[in-house]
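Only one structure is covered here, and it is reproduced in the block below.
2 protein chains.
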Amino acid sequence: MTDSPAKKTKSDRTREAILEAARLLFAQKGYDGTTVRDIAAAAAIDPAMVIRYFGGKDALFARAADLDLRLPDLTTLPRHAVGEALVRHFLTVWEGDGGTIGLPIALRSAASNDLAAARLREIFATQVAPAIARLAGPDAPAVAGLVATQILGLAFTRYVLRLPPVVALPRERIVAEVGRSIQAYIDGARP
Amino acid sequence: MTDSPAKKTKSDRTREAILEAARLLFAQKGYDGTTVRDIAAAAAIDPAMVIRYFGGKDALFARAADLDLRLPDLTTLPRHAVGEALVRHFLTVWEGDGGTIGLPIALRSAASNDLAAARLREIFATQVAPAIARLAGPDAPAVAGLVATQILGLAFTRYVLRLPPVVALPRERIVAEVGRSIQAYIDGARP
Chain C
1 MTDSPAKKTK SDRTREAILE AARLLFAQKG YDGTTVRDIA AAAAIDPAMV
51 IRYFGGKDAL FARAADLDLR LPDLTTLPRH AVGEALVRHF LTVWEGDGGT
101 IGLPIALRSA ASNDLAAARL REIFATQVAP AIARLAGPDA PAVAGLVATQ
151 ILGLAFTRYV LRLPPVVALP RERIVAEVGR SIQAYIDGAR P
Chain A
1 MTDSPAKKTK SDRTREAILE AARLLFAQKG YDGTTVRDIA AAAAIDPAMV
51 IRYFGGKDAL FARAADLDLR LPDLTTLPRH AVGEALVRHF LTVWEGDGGT
101 IGLPIALRSA ASNDLAAARL REIFATQVAP AIARLAGPDA PAVAGLVATQ
151 ILGLAFTRYV LRLPPVVALP RERIVAEVGR SIQAYIDGAR P
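In order, the protein sequences belong to chains C and A. Under the UniProt record's numbering, read the first sequence as residues 1 to 191, first letter to last. Under the UniProt record's numbering, read the second sequence as residues 1 to 191, first letter to last.
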């Protein structure tokens, strides 16, 4: 991300072309519907190079789905602002110019592929749950679960199912209203 | 549903065996991963009979996914009780003894199949949106969209992704907390 274009080697460019092709295909066709051969063809490269650079389809999927949610440290925020901050963070990641739409890609694949589903459960357990745990004490797993129903539901309906009124919702309205629901889950944590 | 066992003909039983096999396979493998041949094998019947009884895979999917949400008339409820009533209704349908887990089946398939996704958008437009419209006036499409992010997110995380803390949430806690979020979307309708 911080590399300047001048520093990029041919190998970097090849790696990026593969990753970009993989992201596009996984997003369109899901994990099961995408082959290493498809990715190689879209990147105009030999399939053997895809294996050499990324090891295989599973490892490439993990990279393409960009499974680092890059959650901010929620404890640095005023508690009442956490709900909106979380929604704003996810919308920025999903709709930003970096093409890092990893969670929607993972959701599409997780619906029909056990490996992708297991990865998504792992992301939840290692990234979302700990971030919530610092706010919600012993009841944190349930709170993190409730937060997940809303965040993943937003991603699923807006980017995977593309439900027209959800696609049409203005960003700031989502931040305000979905943020309020998430805030209520956090505020409702049982001692 | 109201047939007594005594009235069932052999043809009824065959139809039910096909439908049950289809539900199980669509739920486990999604639309794309299931063939008429698989369904026939699971029902111990000839594939031609599946076609004869149901016409084909698309029509069988529509039946297996039980796409009638059977929403109650929300206008007969006190307005403040609508959020909890909606969540309770969906949990009863999904976890009831009728095996009518249609929406979760449809969600799994919609993630990777355009036909299933189009059907789900149609269910939303013809069943959920009109039910909300009577409560939320001109802002109803946006409100129905927000409600969908939460209801479909609950179905996805609890039945498709099977996120452990969401699976573990007691039913009454879901009714109370998710119900409150949905109520807030309905109460927040803009005039």
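Note that the Cβ used here is the ideal one computed from N, Cα and C, for glycine as well. Bear in mind that the values here come from a model prediction, so they are computed numbers and not experimental data.
Identify the continuous alpha helix (DSSP H) that holds residue i and give its terminal residues.
| i | result |
| --- | --- |
| Arg13 of chain A | Lys10 to Lys29 |
| Pro104 of chain C | Gly102 to Ala110 |
| Tyr159 of chain A | Per DSSP, Tyr159 of chain A belongs to no alpha helix (DSSP H) and is neither H nor E. |
| Ala118 of chain C | Asp114 to Ile123 |
| Ala43 of chain C | First-last for Ala43 of chain C: undefined, no H or E at that position. |
| Asp187 of chain A | Arg171 to Asp187 |
| Leu163 of chain A | Where Leu163 of chain A is concerned, there is no enclosing alpha helix (DSSP H), given that its DSSP letter is neither H nor E. |
| Pro138 of chain C | Careful: Pro138 of chain C lies outside any alpha helix (DSSP H) and carries neither H nor E. |
For residue i and residue j, I'd like the C-alpha separation in whole angstroms.
| i | j | result |
| --- | --- | --- |
| Leu154 of chain C | Thr14 of chain A | 40 Å |
| Val143 of chain C | Pro72 of chain C | 18 Å |
| Gly188 of chain C | Tyr31 of chain C | 37 Å |
| Ile151 of chain C | Ile51 of chain C | 33 Å |
| Trp94 of chain A | Asp12 of chain A | 24 Å |
| Ile45 of chain C | Tyr53 of chain C | 11 Å |
| Leu91 of chain C | Val147 of chain C | 15 Å |
| Gly98 of chain A | Thr76 of chain A | Confidence at Gly98 of chain A is low in this model, with a pLDDT of 48, below 50, so its placement is unreliable and the value that follows should be read with caution. Straight-line Cα distance between these residues: approximately 25 Å. |
| Glu186 of chain A | Val36 of chain A | Per the sequence shown, the amino acid found at residue 186 of chain A is Ile instead of Glu. C-alpha separation (whole angstroms): 42 Å. |
| Pro164 of chain C | Ala125 of chain A | 9 Å |
| Gly102 of chain A | Pro47 of chain A | 23 Å |
| Ala106 of chain C | Asp68 of chain C | 12 Å |
| Leu60 of chain C | Ala81 of chain A | 47 Å |
| Gly83 of chain C | Pro141 of chain C | 16 Å |
| Pro170 of chain C | Gly145 of chain A | 12 Å |
| Leu161 of chain A | Val128 of chain A | 23 Å |
| Ala43 of chain C | Ile18 of chain C | 6 Å |
| Arg119 of chain A | Ile174 of chain C | 25 Å |
| Met49 of chain A | Gln28 of chain C | 34 Å |
| Gly33 of chain A | Phe26 of chain A | 8 Å |
| Asp58 of chain A | Ser109 of chain A | 12 Å |
| Ile39 of chain A | Leu74 of chain C | 49 Å |
| Phe156 of chain C | Ala41 of chain A | 33 Å |
| Ala117 of chain C | Ala117 of chain A | 19 Å |
Buried or exposed for residue i, going by 16 or more other Cβ atoms inside 10 Å?
| i | result |
| --- | --- |
| Glu122 of chain C | exposed |
| Glu172 of chain C | exposed |
| Pro104 of chain A | buried |
| Val167 of chain A | exposed |
| Pro78 of chain C | exposed |
| Pro138 of chain C | exposed |
| Gly56 of chain C | exposed |
| Glu177 of chain C | buried |
| Thr149 of chain A | buried |
| Arg158 of chain A | buried |
| Thr9 of chain C | exposed |
| Arg70 of chain A | exposed |
| Lys7 of chain C | exposed |
| Glu16 of chain C | exposed |
| Thr2 of chain C | Confidence in Thr2 of chain C is poor, its pLDDT being 49 and thus under 50, which makes the residue's placement unreliable; the coordinate value appears in the next sentence. Counting Cβ neighbours within 10 Å, Thr2 of chain C comes out exposed, since fewer than 16 surround it. |
For the ligand ZN, I want to know if residue i counts as a neighbour, meaning its beta carbon is within less than 8 Å of at least one of the ligand's heavy atoms.
| i | result |
| --- | --- |
| Tyr159 of chain A | This structure does not include the ligand ZN; it has no bound ligands of any sort. |
- Taking three-plus beta-carbon pairs below 8 Å as touching, is the segment 54–74 of chain C in contact with the segment 9–29 of chain C? Enough Cβ pairs lie closer than 8 Å, so yes.
- Message: So, does the segment 84–95 of chain A touch the segment 175–188 of chain A, judging by three or more C-beta pairs under 8 Å?
- Response: Output reads yes: the segment 175–188 of chain A touches the segment 84–95 of chain A.
- Does the count of Cβ pairs from the segment 104–116 of chain A and the segment 129–145 of chain A closer than 8 Å reach three? A contact between stretches requires three or more CB pairs, one per stretch, nearer than 8 Å, and the segment 104–116 of chain A fails this requirement with the segment 129–145 of chain A.
- Message: If we require 4 or more residues per run, which alpha helix (DSSP H) segments fall completely within the segment 60–96 of chain C?
- Response: For the segment 60–96 of chain C, whole alpha helix (DSSP H) runs of length 4 or above, ordered along the chain, are 82–95.
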